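Student: Here the sequence shown stands for residues 788 to 1055, numbered as in this note's numbering.
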Amino acid sequence: MELVSLILLITLFLCIGSFSSVVIYRLILIEFSNTNINLFKPRSHCPKCKKNISLIHLIPLVGYLLQQGKCIYCKAKISYKYPLHELIHAAAGLFIYFYFGINFTSFLIYILFSIFYILFECDLQKLFLPFYLNCLITIIGFLTAFNSNIFHIESLNIFNITQFELSIYGFIVGYFILWFINIIYKFFKKRDGIGGGDFLLLGGIGSLVGPFILPPIIFIGSISTLILGLIYKLNLNNELPLGSGLIIGLFIYLLARFFELSLFGLVL
Ligand SMILES: [Zn+2]
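#1: Using a threshold of 8 angstroms, is the CB atom of residue 1020 nearer than that to any non-hydrogen atom of ligand 1?
#2: Between which two residues does the alpha helix (DSSP H) holding residue 879 run?
#3: When DSSP labels each residue in this structure, what does residue 832 get in the three-state scheme?
#4: Any idea if residue 990 is buried or exposed, counting beta-carbon neighbours within 10 angstroms, 16 or more meaning buried?
#5: Answer yes or no: do residue 1001 and residue 957 have a C-beta to C-beta separation smaller than 9 angstroms?
#6: Do the segment 1005–1021 and the segment 1033–1045 meet, that is, are 3 or more Cβ pairs less than 8 angstroms apart?
#7: Could you spell out the range, first to last residue, of the alpha helix (DSSP H) harbouring residue 1043?
#8: Is residue 995 closer than 9 angstroms to residue 931 when the C-beta atoms are compared?
#9: Are residue 950 and residue 934 closer than 9 angstroms when you measure CB to CB?
#10: Output the distance between the C-alpha atoms of residue 1054 and residue 828, rounded to the nearest integer angstrom.
#11: Is any non-hydrogen atom of ligand 1 found closer than 8 angstroms to the C-beta of residue 838, if you look at the structure I gave you?
#12: Rounding to the nearest angstrom, what Cα-Cα distance links residue 955 and residue 927 in this structure?
Here it is, written out as structure tokens:
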């Protein structure tokens, strides 16, 4: 690929990362406050002094550097997470491009990455898994299952059933494993231990990869959730961001597959 095309591609990934930041910020605001806001209106502004951000300062990475991480009007600190989201989206985009090439599957995998990223942040910040984004994962899982596994991991199908059936079973197993664990928890503790968004998320992950690798994803996901709880100093007796942990579980599992690594001594 020519250098100019590569720079354009990286710029596109940075812009999608920037848009993801907006989606995370606004979805949380829409859910938890009464402000009259949607994903596109009003224009991007400083949350403290409410002044509109000029176009040049909206350019990914460049805007943050030009403002030196502070609002130019009121000097309120701009979270380091904005450039971080942009850089992570660029890195993921480049990985997908070099690993899968440019095709429709790569495009869908990148969309999935971005949805998972937004869900991860929303759950981590507010234990909130936006319903429509959660559903979108399952829809992509079902629609892409007619051909082969979206991640091209053929060996996931150890029984000779169609990819679409595998996807359906994946959704059912993912959804109901957590639902069932919650029923048992509720029986003893008289309150919900796992949120409905988590059932749907694991169902969505199941629809993408089938039922057989859900156990390692749940295992890695649970450990990741505890680690997130410790890092962010959350009260371990209260709710933890299980959704974020499961997304890390899926991510680690897929990376291990792509790089043919073994996890915990097991060749996956
Ligand atoms: Zn300001």
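Where a beta carbon is used, it is the ideal one built from N, C-alpha and C, also for glycine. None of the values given here were measured: they were computed from a predicted structure.
Tutor: Walking through what the data contain:
#1: Start at 1 with the first residue of the sequence shown, and residue 1020 comes out as number 233. Residue side-chain check: residue 1020 keeps its Cβ at 8 angstroms or more from all non-hydrogen atoms of ligand 1.
#2: Counting from one through the sequence shown, the residue named residue 879 turns up at place 92. Run containing residue 879: 868–887, per the alpha helix (DSSP H) assignment.
#3: Here the question's residue 832 lines up with position 45 in the sequence shown. Strand.
#4: The residue you call residue 990 lines up with position 203 of the sequence shown. Per the 10 Å Cβ criterion, buried.
#5: Along the sequence shown, one-based indexing puts residue 1001 at 214. Along the sequence shown, one-based indexing puts residue 957 at 170. In terms of Cβ geometry, residue 1001 and residue 957 form a close pair [threshold 9 angstroms].
#6: At 8 angstroms Cβ cutoff, the stretches touch.
#7: Taking the sequence shown and counting its residues from 1, one reaches residue 1043 at position 256. Residues 1029–1045.
#8: Translated into the one-based positions of the sequence shown, residue 931 becomes position 144. Translated into the one-based positions of the sequence shown, residue 995 becomes position 208. In this structure, residue 931 lies near residue 995, with their beta-carbon atoms less than 9 angstroms apart.
#9: Looking up residue 950 in the sequence shown gives position 163. Looking up residue 934 in the sequence shown gives position 147. Their beta carbons are under 9 angstroms apart, which means residue 950 touches residue 934 by this criterion.
#10: Sequence index remark: in the sequence shown, residue 1054 carries index 267 (1-based). Sequence index remark: in the sequence shown, residue 828 carries index 41 (1-based). Reliability fails at residue 1054, whose pLDDT of 48 lies under 50, so the model's placement of it is uncertain and the value that follows must be treated cautiously. If you take the alpha carbons of residue 1054 and residue 828, they lie about 49 angstroms apart.
#11: Here the question's residue 838 lines up with position 51 in the sequence shown. Checking every heavy atom of ligand 1 against the Cβ of residue 838, one is found closer than 8 angstroms.
#12: Start at 1 with the first residue of the sequence shown, and residue 955 comes out as number 168. Start at 1 with the first residue of the sequence shown, and residue 927 comes out as number 140. So the two alpha carbons sit approximately 12 angstroms from each other.
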